[in-house]
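Student:
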Ligand SMILES: Nc1ncnc2c1ncn2[C@@H]1O[C@H](COP(=O)(O)OP(=O)(O)OP(=O)(O)O)[C@@H](O)[C@H]1O
Ligand SMILES: [Mg+2]
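Chains as they are written, first to last, in the working numbering: chain S, 0 to 378; chain Y, 12 to 243.
(1) What alpha helix (DSSP H) runs, 4 residues minimum, are completely inside the region 6-81 of chain S?
(2) Here's the rule: buried if 16 or more other CB atoms are within 10 angstroms of the residue's CB, otherwise exposed. What is residue 170(S)?
(3) Taking the straight line between their C-alpha atoms, what separation do you get for residue 69(S) and residue 231(S)?
(4) Under a three-way DSSP split, which group does residue 27(Y) fall into?
(5) How would you call residue 23(S), buried or exposed, if buried means at least 16 neighbouring beta carbons within 10 angstroms?
(6) Quick check on residue 223(S): buried or exposed, where buried means 16 or more other Cβ atoms within 10 Å of its Cβ?
(7) Does any residue of chain S bring its CB to less than 8 Å from the CB of residue 226(Y)?
(8) So, at 7 Å on beta carbons, what are the nonlocal neighbours of residue 133(Y) in its own chain, with the 5 sequence-adjacent residues on each side left out?
(9) Can you name, in chain order, every residue of its own chain whose Cβ lies under 7 Å from the Cβ of residue 224(Y), other than the five neighbours on each side?
(10) By a C-beta neighbour count over all protein chains shown, 10 Å radius and 16 as the cutoff for buried, is residue 248(S) buried or exposed?
(11) Can you give me, in chain order, the residues of the region 201-227 of chain Y that have a beta carbon less than 9 Å from any beta carbon in chain S?
(12) If you reduce the DSSP assignment to three classes, tell me which class residue 115(S) lands in.
(13) So residue 364(S) is in the alpha helix (DSSP H); what residue range does that whole segment cover?
(14) Any chance you could list the alpha helix (DSSP H) runs of at least 4 consecutive residues sitting entirely within the region 235-312 of chain S, in chain order?
(15) Return the chain-ordered list of same chain residues with a C-beta closer than 7 Å to the C-beta of residue 183(Y), the five sequence neighbours on each side being excluded.
(16) Kindly provide the ranges of any alpha helix (DSSP H) runs that are 4 or more residues long and lie completely inside the region 99-133 of chain Y, ordered along the chain.
(17) From residue 136(Y) to residue 114(Y), what distance separates their C-alpha atoms?
(18) What does residue 324(S) reach in chain Y if we use C-beta pairs closer than 8 Å?
(19) Kindly indicate which three-state DSSP category residue 371(S) falls into: helix, strand or coil?
(20) Using three-state DSSP, classify residue 18(Y) as helix, strand or coil.
(21) Given a limit of 7 Å on CB to CB distance, which residues of the region 61-81 of chain Y reach chain S?
(22) Just the chain Y side, please: which residues come within less than 8 Å of residue 369(S) by C-beta, in chain order?
(23) Any residues in the region 155-171 of chain Y with a beta carbon nearer than 8 Å to a beta carbon of chain S? Which ones, in chain order?
(24) Say yes only if the C-beta of residue 73(Y) is nearer than 7 Å to one or more non-hydrogen atoms of ligand 1, and no if none qualify.
(25) Check whether the Cβ of residue 18(Y) lies closer than 8 Å to any Cβ atom in chain S.
(26) When you compare the CB positions of residue 93(Y) and residue 373(S), do they come within less than 8 Å of one another, or not?
(27) What do you reckon, is the C-beta of residue 191(Y) under 7 Å from a heavy atom of ligand 2?
(28) Would the C-beta of residue 70(Y) count as close to ligand 1, meaning under 7 Å from any of its heavy atoms?
(29) When you compare the CB positions of residue 151(S) and residue 132(S), do they come within less than 8 Å of one another, or not?
(30) Residue 126(Y) touches chain S at which residues, Cβ-Cβ below 7 Å?
(31) Closer than 7 Å: is that where the CB of residue 47(Y) sits relative to any heavy atom of ligand 1?
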C-alpha cells in the first residue's frame, strides 16, 4: 500500500474532503431542483392539453350559424382522411397546475361521439358509467380526478361556482382510466342550459399519426377566417414561445449560481491546499518533483469533484422521486423524474470547480519554495 | 556570474573523489536590493562513507550550505556535483529523483505527515512495497517497534525525530543530510539521534549541521562556517 495513494489522503482527512464534496452535492441538488421545477411548467402545459393532439377543434368566432359551413369545408377539402367529425358544446373550468389555476374545457358530446372519443383518448377502463342523455352528469379522466380531488358523485360544475359554472350541479358519474386529461359531459344538457349557443366541431384524423398534418391544413385553410382552430400544434408552439424568456432567465440564474459556487469552492480549495503546504514542502524536500505532487493533487481533486457530482446526481434523482411521490403525483402535477436536461445543467459545476482548483494549484506551485517552509520561515 | 558557473564544472569534471563536491559555491539572497551572502565561494567535498560535521554560529550559513549540497537550492554561482553530475544541469524531476533515491534528510523540526502512521511516514521516503520490511526493521532497531501504527500526534518529540531518522535511512541513501536534528530535543535525546544516524547509515555519508560541538563527538571531520565562509 502506497502511503501517498490518492484514496488514503481523502479517506483519512474525511473531515476536510467531505465538506468539499457536500458543497458540490448541494450545488447539484439545487440546480437539479430548479431546472426540474421550471421544466415541469411547460411539461404541465403539454400534459394537460395533450388530448388536443388526438383531435382538432374548430369553432366559429361570433357567428353561431357558420358551423355547418365549416363542417362542409372540412368534409370536402381536408386532404387527411377523417376518422370522425363531432358537433359539441363546451364550457370553461379550471385545473390546478403547480404555478396556479389553468383554463380547461368541459366538452359535451352526443352519446355515440362520446363513446368514440373516450376510446380515442386511450381509455382502458371506466369506473362508474357514462353521463345519461340530458342529465347534468360528467365523465372525467383519472388525472383530472386526482388533480381536482374528485370522486364519483362529487360535483364538477355548479350554479354557485364562478370558475366552473353550470346552472345545475353537474356530478361526476364516471372516471376513465387513461393518462390524458379530459372532462366530458352530455350535449343535450349543455344545449338546454349553457351559453353561448354555439356548436363547435371536433375532428379526428382516421390515422392518429396524421393528426398534426390535419391540424396544419386547418390552420392554413382557416387563416384569416372568423374561425378558431384549436390544435396541439398551436398549444405546443405557444408554450415553447411563452417559456423562451423563462429559459433565458433560468440560464442566467444557473450561470450565476455556477460562478458563485465556483468562486466559493475555489476559495475553499485554496484554504484546503494552504493547510497542506507543509505536506507539499516536506514531500518536495524529500524528493518528489513538483509535477508528481501536482498530479497527485489533481487526482485527489478530480476524485472529490467527480465523486461530489455523482453523489449529487444520485441525491437529485432520489429527491425527484420523493417529490414526485409525495407532491407531484397525488396532484397530477407533471414532473419528469428522468429529466436529462436537469442533470445536464449541473455538468458545468464539476468542470468549473475543477478548473478553479487547477488555477489555485498553478498559482501555489508556480513559485513554491519547500526550503522556506521546512525552515519554518513561512506559514 | 553565470559564466563562472558554466565554466567551473567542466574544469574539475571526473577528478573529484567526493560523492558530493561544491566548487566556489555561493548562495546570495536579495534582501531589499542588498545582497546577503549566505554562502560565499565555498569549496567542500563530501567523502564517501564519512561523517562530516559542519559547525557554526547562528546565521553563519550552515543551513544554506546544506541546501546547496543537497540540491534543494541552486547556487547563485559555482557548482555542486553529485557523483560527477552537476546538479544544476538536471531538470526538476531528475533532481527530485536524485534526492529521493540517493539522499536522506533529517530536518531541525520533525516534519511528519499527520494522517500517516509511523511506518507509513517512513515509507514516504521510498513508497515502493519492497521497502516495507526495511522500514519496519529500521523502526524496530530505533526502539519504536510498539509504535509502528501510531499517528505523529501520538508520539513524543524524540520519538517523532526517530521516525524522521528512520525515514532518512530508508533505502540506504548515499548521503544523509541532517540540519540541526537535535535542536528540538534534550541533550540525551539529541545525542541518541546522532548516534542512531551514525550507526545505521551503513556505507552512506552523513553530513550534519549544528551549532553544538558536543553533537559531533563521533564525526570523522568537522568544518567551521563563519559568515558564509569556510573557516581555515
Ligand atoms: N530567504 C532568505 N532571504 C534573505 N536572507 C536569508 C534568507 N535565508 C537565509 N538568509 C540569510 O542568510 C544567512 C544564512 O542563513 P542560514 O539559514 O543558512 O543560517 P544558519 O547558519 O542555518 O543559522 P541557524 O543556526 O540560525 O539555523 C542569514 O544571515 C540569513 O539571514
Ligand atoms: Mg539553520
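Just so you know, even glycine gets a beta-carbon here, dropped at the ideal spot from N, CA and C.
Tutor: The short version:
(1) 13-47, 66-76
(2) buried
(3) 20 Å
(4) Because the pLDDT of residue 27(Y) is 45, which lies under 50, any placement of that residue in the model is unreliable, and the number read from its coordinates should be weighed accordingly. Residue state, collapsed to three classes: coil.
(5) Classification of residue 23(S): buried, given that the 10 Å Cβ count is 16 or more.
(6) Residue 223(S) sits exposed, since fewer than 16 C-beta atoms from the chains shown fall within 10 Å of its C-beta.
(7) no
(8) 146, 149, 150, 174, 177, 178, 181
(9) Exclusion of the five residues before and after residue 224(Y) leaves 66 as the residues of its chain whose Cβ lies within less than 7 Å of its Cβ.
(10) By the neighbour-count rule (16 or more Cβ atoms within 10 Å), residue 248(S) is not buried but exposed.
(11) none
(12) helix
(13) From DSSP, the alpha helix (DSSP H) with residue 364(S) extends over 347-365.
(14) At a cut-off of 4 residues, the continuous stretches assigned as alpha helix (DSSP H) that sit fully inside the region 235-312 of chain S are 276-285.
(15) 213, 215
(16) 103-113
(17) 10 Å
(18) Listed along the chain, the chain Y residues whose CB falls inside 8 Å of the CB of residue 324(S) amount to none; the nearest CB is some 42 Å away.
(19) Helix.
(20) Low local confidence applies: a pLDDT of 32 at residue 18(Y) is under 50, so the model's placement there is unreliable, with the coordinate-based value given in what follows. Here residue 18(Y) sits in helix by DSSP.
(21) 74, 78
(22) 83
(23) none
(24) yes
(25) Low confidence applies here, because residue 18(Y) scores a pLDDT of 32, under 50, leaving its location unreliable; read the following figure in that light. Output row for residue 18(Y): interface = no.
(26) Taking 8 Å as the Cβ cut-off, residue 93(Y) and residue 373(S) do not qualify as a contacting pair.
(27) yes
(28) yes
(29) no
(30) 8, 11, 12, listed in chain order.
(31) yes
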